[in-house]
Amino acid sequence: MIRNWLTEDHSIDLPKLFAHLGYTFISKENTHHTFEKGGAYYVAIRTEKGFMYYKVQRPQEKLSASDLVTEHVSKTEGENKETIWDKVDSLYMEVLEEKTLLIDDRSKGPMVIVPKDFNHFSTYGLKLHRAADPLYTDLEELDAFSGRIFQNEDGEVLFPLFNLQNEVCGYFSDTDKGVLPYRESAIKHSLWYSNIPEKIEGLFLFKDPKEALAFHRKFRLKNVVYMALGEINSRTTEILFQIKLLVKVNKLFLSFTGNRKLEGYLRDLHFISYINGSDFKLRLTDRDMLLNFPMGAEKAFSRFYDHTRRFNKELAESFLAYNKITDQNRLNRYSISVTMDKGRIQVRLPLETNAIKLLVWSYYKNYLDSTIEILKPTTGNWYSEWELTEGRPSKGKEVQWKEYRIAN
Numbered sequence: 000m001i002r003n004w005l006t007e008d009h010s011i012d013l014p015k016l017f018a019h020l021g022y023t024f025i026s027k028e029n030t031h032h033t034f035e036k037g038g039a040y041y042v043a044i045r046t047e048k049g050f051m052y053y054k055v056q057r058p059q060e061k062l063s064a065s066d067l068v069t070e071h072v073s074k075t076e077g078e079n080k081e082t083i084w085d086k087v088d089s090l091y092m093e094v095l096e097e098k099t100l101l102i103d104d105r106s107k108g109p110m111v112i113v114p115k116d117f118n119h120f121s122t123y124g125l126k127l128h129r130a131a132d133p134l135y136t137d138l139e140e141l142d143a144f145s146g147r148i149f150q151n152e153d154g155e156v157l158f159p160l161f162n163l164q165n166e167v168c169g170y171f172s173d174t175d176k177g178v179l180p181y182r183e184s185a186i187k188h189s190l191w192y193s194n195i196p197e198k199i200e201g202l203f204l205f206k207d208p209k210e211a212l213a214f215h216r217k218f219r220l221k222n223v224v225y226m227a228l229g230e231i232n233s234r235t236t237e238i239l240f241q242i243k244l245l246v247k248v249n250k251l252f253l254s255f256t257g258n259r260k261l262e263g264y265l266r267d268l269h270f271i272s273y274i275n276g277s278d279f280k281l282r283l284t285d286r287d288m289l290l291n292f293p294m295g296a297e298k299a300f301s302r303f304y305d306h307t308r309r310f311n312k313e314l315a316e317s318f319l320a321y322n323k324i325t326d327q328n329r330l331n332r333y334s335i336s337v338t339m340d341k342g343r344i345q346v347r348l349p350l351e352t353n354a355i356k357l358l359v360w361s362y363y364k365n366y367l368d369s370t371i372e373i374l375k376p377t378t379g380n381w382y383s384e385w386e387l388t389e390g391r392p393s394k395g396k397e398v399q400w401k402e403y404r405i406a407n
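The opening residue of the sequence shown carries number 0 in numbering that gives the first Met the number 0; numbering runs sequentially from there.
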């Protein structure tokens, strides 16, 4: 006789089940409870059909108690030839037999009923009405940023992050320590982007939305979309390139920065390693980076090799300005090593500012020039660049953004 299976989710007290299965309790609101395990965050809510939950990276996907049981047992060892369904059935029945894990009148009280499409991140962003930083004044005049900047109850500026389904799944927060992920935001699965104009002429990518806003304040570009990845990884770059494909622009304008210029160039290399079709491999050691990528056209490789050879020659010449005899071991440690094997280039790149800048410039100029444009401010980041000129009368011809390209 076939029985109805996993049909008692409505009777299970989901917050208690999270605790029972070893999830760490993070916070409690009258609309939701938040739990964490292994770096992943889960939000339990109560709907008209009982308790449900969602993972912060996918607030649009609501799950039930049996889903949580299934996920839990999928990570545990079974006995003998026990299948995942055997383990699900066993634990599910244990839960139903444990009366303390079932809903009673007391468990119904603390959490209010919310719609099934509830997303707790929508409760975090309040309308921005005050900000000490002049960067955030008169935002209503900037169409690109309308509805893309908020603040929390403490007055911190928030920038909403979106997943592939265009659902808010977290925020960037502008804090005293810099622009950081806010609370349990799904930073590894999302990106921020400005409003989309009717006509799109370019996508501009930054390390965070504050940099994008400063860039816009300086250049006032129209018909572009500003973007910032929550984190550079395969998931966020996949979302980025799906948007690029959707809006049908040929080039991506890349302008990663940091507290120091070196940080921006390191982000460039990290991002390039995730570009579809680049086949660019990157591995970091304690003293250098190992890069591996296709040789491409012979002319491109020849120019790339010549750039690195010239860098190494100038490095050796500058060494002799301080030493009569070359210390080859020391010199090799800070030189760029380039070899070729089976149609692929292998590069050993020292963790040194000038070498990394040269590598980014040369790779971009010889391999990416048709698909990516790289822009860099003269200072460490676009915010400090904007501060230098804010409130000062312009002298002579106004500087254009194209003058900031690293390979004009």
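No residue lacks a Cβ here, since even glycine has one placed at the ideal position from N, Cα and C.
Since the model is a prediction, treat every value here as computed from it, not as a measurement.
Here G49 carries a strand assignment [DSSP, helix/strand/coil]. Just so you know, the alpha carbons of H188 and Q164 end up roughly 11 Å apart. Around G201, the same chain offers V223, V248, K250, F252 as residues with beta carbons nearer than 7 Å, after the five sequence neighbours per side are excluded. Here Y22 is not bridged, per DSSP, to any residue. The C-alpha of V167 is placed about 24 Å away from the C-alpha of E140.
Along the length of the segment 191-235, whole beta strand (DSSP E) runs at least 3 residues long occupy 201-205, 223-228, reported in chain order.
Straight across, the Cα-Cα distance linking R219 with F303 is about 35 Å. With a beta-carbon spacing of about 6 Å, M339 and M294 fall inside the 8 Å limit used to define contacts. For R329 and F310, the gap between their C-alpha atoms comes out near 15 Å. Listed in chain order, the non-local C-beta contacts of R282 below 6 Å within the same chain comprise L289, local neighbours out to five positions each way being set aside. Contact between E60 and K217 fails: their C-beta atoms lie close to 40 Å from each other, not under 8 Å. With a cut-off of 8 Å on Cβ pairs, the segment 46-55 is not in contact with the segment 87-96, counting fewer than three such pairs. In the DSSP assignment, I355 falls within the unbroken alpha helix (DSSP H) covering 352-362. Every unbroken stretch of the alpha helix (DSSP H) spanning 4 or more residues and falling wholly within the segment 85-136 is given here in chain order: 104-107. With a cut-off of 8 Å on Cβ pairs, the segment 152-162 is in contact with the segment 123-143, counting three or more such pairs. In the assembly as shown, K375 is a buried residue. Its beta-carbon has 16 or more other beta-carbons within 10 Å. S193 is a Cβ neighbour of F144, given a cutoff of 8 Å. Between the alpha carbons of L20 and K98 lies a gap of roughly 15 Å. Burial check for Q327: the Cβ neighbour count within 10 Å stays below 16, so the residue is exposed. Here I344 is bridged, per DSSP, to F292, M339. Taking every protein chain shown into account, the CB of I112 has fewer than 16 other CB atoms within 10 angstroms, so this residue is exposed.
The C-beta distance from T352 to L261 rounds to 5 Å, short enough to meet the 8 Å contact threshold. The alpha carbon of H306 has as its nearest neighbour, out of S254, F318, W360, the alpha carbon of W360. Contact check for Y52 and A43: beta-carbon distance about 5 Å, within the 8 Å limit, so the pair qualifies. Comparing alpha carbon positions, the residue from Q56, L348, D116, R404 closest to L268 is L348.
In the DSSP assignment, T174 falls within the unbroken beta strand (DSSP E) covering 167-174.
For Q150, the pairing in a beta bridge is given by DSSP as L125, V156.
For L314, the closest of S334, S301, E297 by C-alpha to C-alpha distance is S334. In the three-state reduction of the DSSP assignment, D12 falls in the coil class, being assigned neither a helical nor a strand state. Taking R259 as the centre and dropping the five residues before and after it, the same chain places the C-beta of G379 closer than 7 Å to its C-beta, in chain order. In the three-state reduction of the DSSP assignment, T284 falls in the coil class, being assigned neither a helical nor a strand state. The C-beta of E152 has fewer than 16 other C-beta atoms within 10 Å across all chains shown, which makes the residue exposed. Residue environment: D285 is assigned as exposed (fewer than 16 neighbouring CB atoms within 10 Å of its CB, all protein chains considered). A43 sits in a strand when the DSSP states are folded into three classes. Minimum Cα-Cα distance from R57 among the listed residues Y366, N118, G229 corresponds to N118.
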